Structure formats: C-alpha cells, structure tokens
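**Q** Structure below; questions to follow.
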Amino acid sequence: RRANLATLRDLPAVTKDGVPIELMINAGLREDVAALDLTGARGIGLFRTEFQFLVSATLPARERQQRLYRDVLDAAGDRPVIFRTVDIGGDKALPYMNTDTALEENPAMGWRALRLALEREGLLKVQARALMEAAAGRTLNVMFPMVSEPWEYEAARDLFVGQRAWLASHNKKLPVAIRYGAMLEVPGLVETLDLMLPHLDFLSIGTNDLTQFLFAADRAHPRLAERYDWLSPTVMRYLSRVVKIVAGSKVALGVCGEMGGRPLEAMALLGVGIERLSITPAGVGPVKAMIRSLHLGALRAAMPAILAQPAADPRGQYQQWASAHGV
Ligand code: PEP
Ligand code: MG
434 RRANLATLRD
444 LPAVTKDGVP
454 IELMINAGLR
464 EDVAALDLTG
474 ARGIGLFRTE
484 FQFLVSATLP
494 ARERQQRLYR
504 DVLDAAGDRP
514 VIFRTVDIGG
524 DKALPYMNTD
534 TALEENPAMG
544 WRALRLALER
554 EGLLKVQARA
564 LMEAAAGRTL
574 NVMFPMVSEP
584 WEYEAARDLF
594 VGQRAWLASH
604 NKKLPVAIRY
614 GAMLEVPGLV
624 ETLDLMLPHL
634 DFLSIGTNDL
644 TQFLFAADRA
654 HPRLAERYDW
664 LSPTVMRYLS
674 RVVKIVAGSK
684 VALGVCGEMG
694 GRPLEAMALL
704 GVGIERLSIT
714 PAGVGPVKAM
724 IRSLHLGALR
734 AAMPAILAQP
744 AADPRGQYQQ
754 WASAHGV
C-alpha cells in the first residue's frame, strides 16, 4: 500500500483529502544540510546554531559564524532555513564561557537560551550581525528559544532591529527581509501569547522542552521517560488550545520537537490543527507516508471524542483510529 521511501521523496506531502502539510527538517551542522536533498524536505525548520558553539574550543568569532550560516543558506538554495539563536547554558554549558552552571540545581529551568543571550548582549549582537550579513540579499528567518514572556521576545527582536540599523549605517548589504519567530517551550507563554501575535511572523512549538515543563518531569530521567505520553490528552489539549489562540492571526504555527518525527504523533498533531512540522531527517519518509494515507477531515471529526477520553491508554486510541482508517 505504501510507496517505498525513495519514491516518496519526490511526492508531495498532501493528505488524501488534499491538505498540504509543510515538512521540514531539523539540523545543526553544515553536513546536515545534505539531508534536504536526500529526504525531499521543503526546508530547515530548526537550525540549532548552538551546535557550532558546542563543538568549538573557543567562542566562534563572527566571521566563523557567518561562514557557517552562509554555507547553509547556499546549500539550501531556494528552500527556507530558520536559524534559532543560541540555546546554550543549562545542560549545554560551554567550557570556555563562565555560565555558573555549578550553582544550578535545575539546569533545564536555569540561566539558558534567550535568558542568557539577553544578558550576554554582546554574544547576541555578534550572532545577529553574522546572520544578517550571511543572509544579505535573501530572506532571513530567525527565531528565539525559551521565550517565557513577551518582553523577552520584544527585547531580542529590538536588538536585531538595532543591529540591522547599525549595518545599514555602515553601508553593509542586508537581507531583503527578516522574519521573526519565537519558540513555545515554556507552557506559561500561552497565557500572554495573544499579546505577542501581532509582532510575530511565526511560532514554533518545541515539544521536547514543552512536555517536560508541562508534566514537571525530566524526560531524561530513566524512571520518568516512559511515564507520560506525548499522546496524552494533557499535551494534545494544550496544543489544541494553542492552535485556537493562533488561528485568527497571520502567524505561521508549527512544531519542531522530536514528537513530530514519529508517524502516530505526527498524525495526532495534524488532528489538532498543526500543518507545519520540522522533524529529524529519518522521520520524513515515514511521516510523509502517513500524511499521504490520511483523510484529515475524518481525523479532525474524531478528535473531540479522542480528547474527551480519560488518559489511561491515549496511544491505543490513536492506533485504533489509524488502523480502522487505513493509515
Ligand atoms: C524542543 O525543546 O522541543 C526543541 C526543539 O529544542 P531543543 O530540542 O533543541 O531543546
Ligand atoms: Mg528546547
């Protein structure tokens, strides 16, 4: 019933009832960009810029950052790339940078990502210039990790706007457009999301961090890893609520956590209204096969009943629906 994965590469990610789904990949190294051609993905929905920082012995200078970003954009060609500003600190500590992580009892909830970048402003300014110069003459897509309140997003975007003005005043070539996005990884952000929407171009849900904060459960903990399911109504109702909040706006909403790389989870995401996924390259074939076998209208009609069930076996419900509907 399913075309083999090589054939699938060149087929569109469209559901049986004609809904196009945007399938992108997550990447972090120059070498990862080759996966675009191998998978047929539409672009890079999450480029984790901290990888370069993590594999370097010293803080990467602006020229080195710029070279990486330009190489990635060149290799991607017409396909969009979303660069996420550095998500360092916490458990991704840099040996050459004093982040005082020894003082942290809960590094995942610590001084990391945008929190750190807004205080180490020089770091973010250098990255902003490197990204803008690398994207000269093209569209730059940039997103900020671990936004907890709208003012953090505003401050980061203001910093980019300031750097753009600085580059312009020094007659540097600039991107033709800059699109700004935020990651939704801190559950509390949903309470003020409406205030951010008018200033956002896109929003990307990071389900890895989001679920660990939603359940207050460290997913790397061996005793907890299997305890809560991504398909739990807790997660799916939360995501459904986010979709409704974003629906009336022009903001493009997607998911870039690992959850979207598994066919059954990806099906559930489509079911609650997510139509953009950025996933691990190995997931593109299997997820596209699922998409092409799915009647999305039928699934959406079934979702209220699925979300109304108690949480005992949420996975079983999606599995049953899938096998009963030829997915
Ligand atoms: C996430 O938290 O879901 C995410 C995509 O970011 P990272 O995995 O890099 O923390
Ligand atoms: Mg994250």
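UniProt numbering numbers the first residue of the sequence shown as 434 and each following residue consecutively. Just so you know, even glycine gets a beta-carbon here, dropped at the ideal spot from N, CA and C. Keep in mind the model is a prediction, meaning the values are calculated, not measured.
Can at least three beta-carbon pairs, one atom from the stretch 656 to 663 and one from the stretch 543 to 554, be found at a separation below 8 Å?
**A** no
**Q** Pick helix, strand or coil for V760, following the three-state DSSP scheme.
**A** In the sequence shown, residue 760 corresponds to position 327, counting from 1. If DSSP states are grouped into helix, strand and coil, V760 belongs with coil.
**Q** In terms of residues, what are the limits of the alpha helix (DSSP H) holding M616?
**A** As a position in the sequence shown, residue 616 is number 183, starting the count at 1. Counting along the chain, M616 falls outside any alpha helix (DSSP H), though it belongs to the beta strand (DSSP E) covering A610 to L617.
**Q** Who are the near neighbours of A588 in its chain, counting only those whose CB is closer than 7 Å to its CB and skipping five residues on each side?
**A** Translated into positions along the sequence shown, residue 588 becomes position 155. Correct list, in chain order: L551.
**Q** Taking 7 Å as the cut-off, is the CB of D642 close to at least one heavy atom of the ligand PEP?
**A** Position 209 of the sequence shown, counted from the start, is the residue given in the question as residue 642. Result yes, Cβ under 7 Å from the ligand PEP.
**Q** Closer than 7 Å: is that where the CB of D520 sits relative to any heavy atom of the ligand MG?
**A** Here residue 520 is taken as the residue at index 87 of the sequence shown, counted from 1. Yes, Cβ of D520 sits closer than 7 Å to a heavy atom of the ligand MG.
**Q** For L573, is the classification buried or exposed, using 16 other Cβ atoms within 10 angstroms of its Cβ as the cut-off for buried?
**A** Within the sequence shown, residue 573 is the residue found at index 140, counting from 1. Classification for L573: buried.
**Q** What are the boundary residues of the alpha helix (DSSP H) that includes M457?
**A** For this step, residue 457 is matched to residue 24 along the sequence shown. Unbroken run through M457 is the beta strand (DSSP E), E455 to A460; no alpha helix (DSSP H).
**Q** Check the C-beta distance from A615 over to L628 and give it rounded, since I have them as a contact under 8 Å.
**A** Within the sequence shown, the letter at position 182 stands for residue 615. Within the sequence shown, the letter at position 195 stands for residue 628. Going by Cβ atoms, the distance from A615 to L628 rounds to 12 Å, so no, they are not a contact pair.
**Q** Taking 7 Å as the cut-off, is the CB of L479 close to at least one heavy atom of the ligand PEP?
**A** Looking up residue 479 in the sequence shown gives position 46. Yes; taking the cut-off as 7 Å, the Cβ of L479 has a heavy atom of the ligand PEP nearer than that.
**Q** What distance in whole Å lies between the Cβ atoms of L710 and residue 781, which are believed to be in contact at a cut-off of 8 Å?
**A** With the chain running from 434 to 760 in the structure shown, residue 781 is simply not present.
**Q** Short of 6 Å in beta carbon distance, which residues of its chain neighbour V679, apart from the five on each side in sequence? Order them along the chain.
**A** Looking up residue 679 in the sequence shown gives position 246. Excluding the 5 residues flanking it on each side, V679 has same chain C-beta neighbours closer than 6 Å at L686, in chain order.
**Q** Span of the alpha helix (DSSP H) holding G555?
**A** On the sequence shown, residue 555 is found 122 positions in, with the first residue counted as 1. It spans E554 to A567 - the alpha helix (DSSP H) in which G555 sits, taken as one unbroken run.
**Q** Just to confirm, is the Cβ distance from H632 to D450 under 8 Å?
**A** Along the sequence shown, read from residue 1 onward, the residue named residue 632 stands at position 199. Along the sequence shown, read from residue 1 onward, the residue named residue 450 stands at position 17. Going by C-beta atoms, H632 is not nearer than 8 Å to D450.
**Q** Per DSSP, what kind of secondary structure is F648 in: helix, strand or coil?
**A** Position 215 of the sequence shown holds residue 648. If DSSP states are grouped into helix, strand and coil, F648 belongs with coil.
**Q** With distances taken between CB atoms, is the gap from M579 to D520 smaller than 8 Å?
**A** Residue mapping note: residue 579 aligns to position 146 of the sequence shown, counting from 1. Residue mapping note: residue 520 aligns to position 87 of the sequence shown, counting from 1. Contact: yes.
**Q** From A468 to M565, what distance separates their C-alpha atoms?
**A** For the purposes of this step, residue 468 is taken as the residue at position 35 of the sequence shown. For the purposes of this step, residue 565 is taken as the residue at position 132 of the sequence shown. When rounded, the distance between both Cα atoms is 24 Å.
**Q** Would you decide whether R670 is buried or exposed? Buried here means 16 or more other CB atoms lie within 10 Å of its CB.
**A** Sequence index remark: in the sequence shown, residue 670 carries index 237 (1-based). The residue is exposed, with fewer than 16 neighbouring Cβ atoms inside 10 Å.
**Q** Taking the alpha carbon of A561 as the point to measure from, which residue in G543, R545 and L592 has its own alpha carbon closest?
**A** Translated into positions along the sequence shown, residue 561 becomes position 128. For the residues G543, R545 and L592, the minimum Cα distance to A561 belongs to L592.
**Q** In this structure, does DSSP put S637 in helix, strand or coil?
**A** As a position in the sequence shown, residue 637 is number 204, starting the count at 1. It is a strand residue.
**Q** Would you mind sorting P747 into buried or exposed? The rule is 16 or more other CB atoms within 10 Å of its CB.
**A** As a working mapping, residue 747 is identified with position 314 in the sequence shown. When all chains shown are included, P747 counts as buried.
**Q** Taking the beta strand (DSSP E) that L686 belongs to, which residues open and close that run?
**A** For the purposes of this step, residue 686 is taken as the residue at position 253 of the sequence shown. Where L686 is concerned, the enclosing beta strand (DSSP E) stretches over A685 to V688.
**Q** Taking the alpha carbon of N539 as the point to measure from, which residue in G694, R571 and A649 has its own alpha carbon closest?
**A** Counting from one through the sequence shown, the residue named residue 539 turns up at place 106. With distances taken between Cα atoms, N539 lies closest to A649.
**Q** Curious, which full-length beta strand (DSSP E) runs of at least 3 residues does the stretch 498 to 554 contain?
**A** Runs of the beta strand (DSSP E) inside the stretch 498 to 554: 514 to 517.
**Q** Is any heavy atom of the ligand MG found at a distance shorter than 7 Å from the C-beta of G639?
**A** Counting from 1 along the sequence shown, the entry for residue 639 is found at position 206. Correct: G639 has its Cβ closer than 7 Å to the ligand MG.
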